[in-house]
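What follows is one structure encoded as structure tokens, with my remarks underneath.
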């Protein structure tokens, strides 16, 4: 492996390689401490070799480190640590004073058991600076989380979109179908919304949607899911809510919308809404069927003259 | 007079390896078993004065065979041949009455040495 | 799988030797685990089988089905004369029970993940090193990494097109005296490795 290189060349390479290398005995006495360790820890090789590692670095996870060193010696097997589970072994400064974004150097470590020239049991610990990897990983994770959150939202109103709402409804549906409990779904459609757009323009229409959303949002509980189902249609999942509770809730929303017209420029735009409610009961086979019932109830509310709440009945 | 030798191992390869590694001059009548139940049946028929016994087997493992020998009062000189190299496993089989423990992978020499060690067969 | 040449699968005799070589490897893995946890480990006969890539997820699914809804997985790459990737799959209970035995500091959030990585490293390391040593092949390991915690098996194993289509499944159960935990090891190997494996198995057999 070493070819024609002599000990002094190897020593030079070990010292200067851009990786932390240290060797400890089973009692954590330091045998080797290379330049990377020296430079990053500000503890010189002369002062640490021959001394106990934990005494020089009281911040190290002592019990854990002792266990790790013992287990690799006992099992004669490599061990690894990753920054993802253990961000660092030694608390070193990072090398990003300008680019920043971190408070310390992230490290991956390897523990390699071996036998010294006198047969003593030693462990070589190598330390890789993976700060850049860690940062870009975290940035990707954050971007991923942001995108995921965005993909759940309706861009105009900021509330959930149809896809996310249906996925959540599916979960809620399965929960009550399996464990019991109550679940209602409310559909809401703004009355004569096309006329708002035609009369005052699409910007006015958007303003109505935004303000109506705010009014509903002020009433829903944190456990409810409010979503823009499409166009001027909204859906609200009401967990732990039966028809009685659902009707009270739906009428509050209907009243608030009716009483509070939307101001757009010099215009005052009156708005009303029709609502359809249905509650889960045994025999409803899927969340789709539940949505369909609410939709039928909404249709009845429209047909009976709008600005009202209708509850689904099986003989509709 | 030939010795009734019972070889117990679920692995066909392992049984073949044992057969090939037996001392050539040893005069034996060989029976093979692929699990502990088969081994106990053979032992009840007197087909196992000496037993080469694997530990990790389906149906009934080697520990079970040793317990069976003890509980039924069968007589057999058992050498355990196993990949289970935990010190506690070794201790356990010796406590259960095995004469010796041979670690896998074995070879001709280590098998001969183990057989000699427990006085089952010696080339001298 | 593109242009890769289909290699001859192992024949019955080679598989029989492989089974025994893995038995011995698992014996060593079990002994390492026993040392680490300071307990006795009851070993079962490892079940060894080959599946091709198309069946990979469904076969592994069948292997582990029933016992648990959610699983945790760790992967570890190995390289040199044998090269490939090993997966260790643990049931939800399995890794909970290990935490206590390993004496990790419970207050650490990361303890469970680190534990899974450690145990996997030990099991895969001991088992594969045991196999490689017997068949006279060199082997090195990369650091293990988490695939997922408490996920359905399909999500855990889902991946893009795999480069290699021969996959070795090894199912092992370790019964600890204090508690039970089982673990499934799955290894994917390159075509070149399977040829190395074959030649090593044959010379191992000829040593008898």
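Protein chains in written order, with my numbering: chain E, 57 to 372; chain C, 34 to 157; chain W, 6 to 213.
Note that CB positions come from ideal geometry on N, CA and C, so glycine has one too.
All values derive from a computational prediction rather than experimental measurement.
Item, Value
"Exposed unless 16 or more other CB atoms sit within 10 angstroms - verdict on residue 7 of chain W", "The predicted model places residue 7 of chain W with a pLDDT of 42, which falls under 50 and marks its position as unreliable, so this point remains unresolved."
"Inter-stretch contact (C-beta, 8 Å, three-pair minimum) for the segment 246–255 of chain E and the segment 174–191 of chain E", "no"
"Contact with chain W by residue 65 of chain C, beta-carbon distance below 9 Å", "no"
"Contact the segment 238–247 of chain E vs the segment 333–341 of chain E: 3+ CB pairs below 8 Å", "yes"
"Cross-chain neighbours of residue 131 of chain W in chain E, by beta carbon under 9 Å", "131 and 133"
"N-terminal and C-terminal residue of the beta strand (DSSP E) that residue 163 of chain E is part of", "163–171"
"DSSP-derived helix/strand/coil call for residue 151 of chain E", "coil"
"For residue 92 of chain W, the three-state DSSP class (helix, strand or coil)", "strand"
"Residues sharing a beta bridge with residue 276 of chain E, DSSP", "Paired residue(s): none; residue 276 of chain E is not in a bridge."
"Closest residue to residue 39 of chain W among W:124, W:79 and W:194 (Cα-Cα distance)", "W:124"
"Minimum Cβ-Cβ distance from residue 163 of chain E to chain W less than 9 Å", "no"
"Nonlocal neighbours in the same chain, by C-beta distance under 8 Å from residue 135 of chain E, ignoring five residues either side", "124, 127, 128, 166 and 167"
"Residue-level contact to chain E via CB, residue 157 of chain W, 9 Å cutoff", "no"
"Interface flag, residue 89 of chain C vs chain W, CB-CB below 9 Å", "yes"
"Contained alpha helix (DSSP H) runs [length at least 4] in the segment 234–284 of chain E, N- to C-terminal order", "249–256 and 258–275"
"Integer Cβ distance of residue 283 of chain E from residue 221 of chain E, believed to fall under 8 Å", "3 Å"
"Residues of the segment 32–54 of chain W with Cβ closer than 7 Å to any Cβ of chain E, in chain order", "37, 40 and 41"
"The beta strand (DSSP E) enclosing residue 62 of chain C, as first and last residue numbers", "61–66"
"Interface flag, residue 118 of chain W vs chain E, CB-CB below 9 Å", "yes"
"Beta-carbon contacts of residue 317 of chain E that lie in its chain and below 8 Å, excluding the five residues immediately before and after", "324, 325, 326 and 327"
"Beta-carbon proximity of residue 27 of chain W to residue 46 of chain C, cut-off 9 Å", "no"
"Chain E contact for residue 6 of chain W (CB, 9 Å cutoff)", "Residue placement at residue 6 of chain W cannot be trusted, given a pLDDT of 41 that sits under 50; what the coordinates show is reported in the next sentence. Not one chain E Cβ lies under 9 Å of residue 6 of chain W."
"Distance between beta carbons of residue 113 of chain C and residue 88 of chain C, contact taken as under 8 Å", "6 Å"
"For residue 204 of chain W and residue 145 of chain E, the rounded distance between their alpha carbons", "42 Å"
"Test item: CB-CB of residue 135 of chain C and residue 143 of chain C under 9 Å", "yes"
"Test: residue 134 of chain W CB closer than 9 Å to a CB of chain C", "no"
"Cα-Cα separation between residue 93 of chain E and residue 158 of chain E, rounded to whole angstroms", "20 Å"
"Where residue 137 of chain E falls: helix, strand or coil (DSSP)", "strand"
"For residue 4 of chain W: DSSP bridge partner residues", "Here chain W covers residues 6 to 213 and nothing more, so residue 4 of chain W does not appear."
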